[in-house]
Amino acid sequence: MEPKQKKPRSLTKQDSAEPGLMIAASRRVVLAADIVDGTMLHALALENLQQFKSMHPDSPLCCGQAASQPEALELSWASACSGSEGAFYVMEAMNAAYKRMSVPVSLEHVFSCERAPEKQKWIQALLAVGPLRDIDSDDWPPAIDHESFGHVEHGGIGFGHCVFQDITELKGLEAACCKHNRSCDVPSVDILVVGTSCKDLSRLNHTADGAGAGSRTSKQVLAQASSRGGSAQTFAGLLGYVESHRPLCVLYENVDAINDQAGACEDNNLKILLGKFHALGYEAQPVMTDACEFGLPVHRHRVYILLVNKRSPKLDLLSRPLDIVMQKFRQLVSSCARSPPCLSKVLLDDDHEAVEKSYEERLARAQKSQAKKSPSTKTVNWVNQHMKHADSLGVRWASAPGEALQGNKWFQLLTEREADALKLSEVEAPSAGFRNLAQSIGRNNFVTRQEDGTHLGPTMLPGQLMWTNLTQPQPRLLSGFEAMMLQGFPIGPCLMRMNEEGYLVTAEAATAKQKEFPTDSLLQDLAGNAMALPVVLSMMQAALSALWLQPAQQESNAMAVETALGAMFLLSSGGLGPGDSQAAEDDDEDF
């Protein structure tokens, strides 16, 4: 079972401006077919804007920009530590919806940031492939004219866009970029979508440093200079970027345990975070969410925080003060609620190509492991634990599996510990729809059946090994492809595009120099760390609809004033620093 929740995790009366609006909105049900074929984000983005229009028929749908204005407003965005880089497809869906609704706003990607090499490779391939859908087409998936996307100066989507390697370096003028294999200028952006490390905050991490989920120290993680899992360091890196580059708004995501009160601390990590951003001049609105409230058939309890730069010259605070912005934001987020389809309708058939690929990859890994296996005299810790658990259940340990499991080819892939955990968990909770065999015995069952007879799955986690009884014709392990779908990621169209552009490497074509890409295990890891994309979509659309910005021409004038003020500050502070030949071009510091 998942850990027992300590606090309310959904949008409640204290979180939502209109709980009645959320209840009414949740009567809409996301189509399982839209999740499977990857069209969900585009469908929801358009529905959300139509809902906003029905709520406020006389109000512009994005940033206060009237459809009749002569010049469209371009907003730059970037992501850092966002997992699967699904934010790219969220912004693509938003651009398509804006085009359909004649909203004069476009969102332009500038950079990404990821530390893990395999995920860097994934992001580079995703950006190089570009959008999945032509915003002028109703077909899916249509042919893409890559030259029609992005600025000419960037050479099209994905070309030239930096993929920085470390969020802790982004506070400077330059940072290491794996896209160009050198240090590149760190740009300022209007919107930053970011999720810093949760390792030291999660309740599942019992060895975490700091007064987070698993520790009794008197100092909260986000108040420390460093922590074992990197939560303190990555958060400090985010603060550094925000302080030096001053984005207009930040959408921040982390585990809901950030709101837990732990140890002897007066403030929890959430209060520390809000205090740090307040000191930098940012207004904040946290929202506790569960992915199933936004249409995904799984749980994912997370806090999202909208942070708005109160001193940004782009804001039109006379037309809409920030307290009204945040009130509107909460109301609009509530209107994006939806009910999920039954999980069993989303899971793929056993003969689906992605399921077969997952099986073949696991089989090859099991055979390789078996070939390297050597006798060991070391005590196996799990055996004693499993024996005690079997005794508590009143069954004999190490009994033979039932006939159904014996004939299940997926069961044959499991290690001795995993197979034993599965047998015991079926005795403990026969009705559980999912069992995470990567977890220790006694905490790996998840009952999926709801009161209405539908099924709702558990949180997708890094390193998970999910055995499900909801698939037909037999139980099996969840594939990485399915795990990505359950985060709302358009994985089918994405992999199709990558294959068309030559970025996929099959197991048959793999060599010592060119390994298989992407593997099913990589997709599992990406899904476990990913943001729930319908939630990101709802937060971003609500935020941009609530914000009121200067029109494009006036905004340019405001930026010119800001540049002049920056030059005055530079002169008054002694000019350029040692070794500098010119001032930073993208300095968005506010004064």
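The opening residue of the sequence shown carries number 1 in this note's numbering; numbering runs sequentially from there. The beta-carbon is built from N, C-alpha and C at its ideal position, and this holds for glycine as well.
The criterion of a C-beta distance shorter than 8 Å is satisfied by LEU315 and LEU549. Every beta strand (DSSP E) of 3 residues or more that sits fully in the segment 233-272 is shown, in chain order, as 249-255.
Residue LYS310 holds the alpha-carbon nearest to the alpha-carbon of ARG246 among HIS301, HIS56, LYS310 and ASN259. ASP520 sits in a helix when the DSSP states are folded into three classes. When the beta-carbon positions are compared, HIS109 and MET91 come within less than 8 Å of each other. Every alpha helix (DSSP H) of 4 residues or more that sits fully in the segment 86-118 is shown, in chain order, as 87-100. By DSSP's assignment, TRP467 forms a beta bridge with ARG435 and LEU477. Here the alpha carbon of ASP134 sits roughly 20 Å from the alpha carbon of ASN48. Only buried fits PRO297, as 16 or more other CB atoms lie within 10 angstroms of its CB. Contact check between the segment 323-339 and the segment 533-541: three or more CB pairs, one atom from each, fall below 8 Å, which counts as touching.
Collapsing the DSSP output to three states places GLU74 in a strand. DSSP, reduced to helix, strand and coil, places CYS162 within a strand of the structure shown. As the crow flies, the alpha-carbon of ALA371 is around 20 Å from that of SER358. The way I'd put it, the segment 481-488 does touch the segment 515-530; three or more beta-carbon pairs between them come closer than 8 Å. Residues of the same chain with a CB within less than 8 Å of the CB of LEU465, apart from the 5 flanking positions on each side, are GLU418, ASN436, LEU437, ALA438 and LEU477 in chain order. For MET288, the uninterrupted beta strand (DSSP E) segment begins and ends at 282-290. Taken in chain order, the complete beta strand (DSSP E) segments of 3 or more residues contained in the segment 323-400 number zero; there are none.
The segment 170-183 makes no contact with the segment 98-109; the number of CB pairs closer than 8 Å stays below 3.
Ranking GLY295, LEU318, ALA512 and PHE517 by CA distance to the CA of GLY502 puts PHE517 first. Counting along the chain, HIS42 sits inside the alpha helix (DSSP H) bounded by residues 40-55. Between VAL308 and the set ASP260, GLY295, ASP267 and GLU243, the nearest pair of CA atoms involves GLU243. Looking at the DSSP output, ARG182 sits in a beta bridge with CYS177.
Between the C-alpha atoms of CYS177 and VAL186 there is a straight-line separation of about 10 Å. For the options TRP467, PHE446, LYS328 and TRP397, the alpha carbon positioned closest to that of LEU414 is the one of TRP467.
One Cα belongs to ASN445, the other to MET460, and the distance between them is close to 14 Å. A Cβ-Cβ separation of about 25 Å leaves GLN124 out of contact with LYS199 under the 8 Å criterion. Between the beta-carbon of PHE329 and that of LEU306 there is about 6 Å, and that keeps the pair under the 8 Å contact cut.
The alpha helix (DSSP H) runs of length 4 or more contained entirely in the segment 400-461 are, from start to end of the chain, 403-406 and 416-428.
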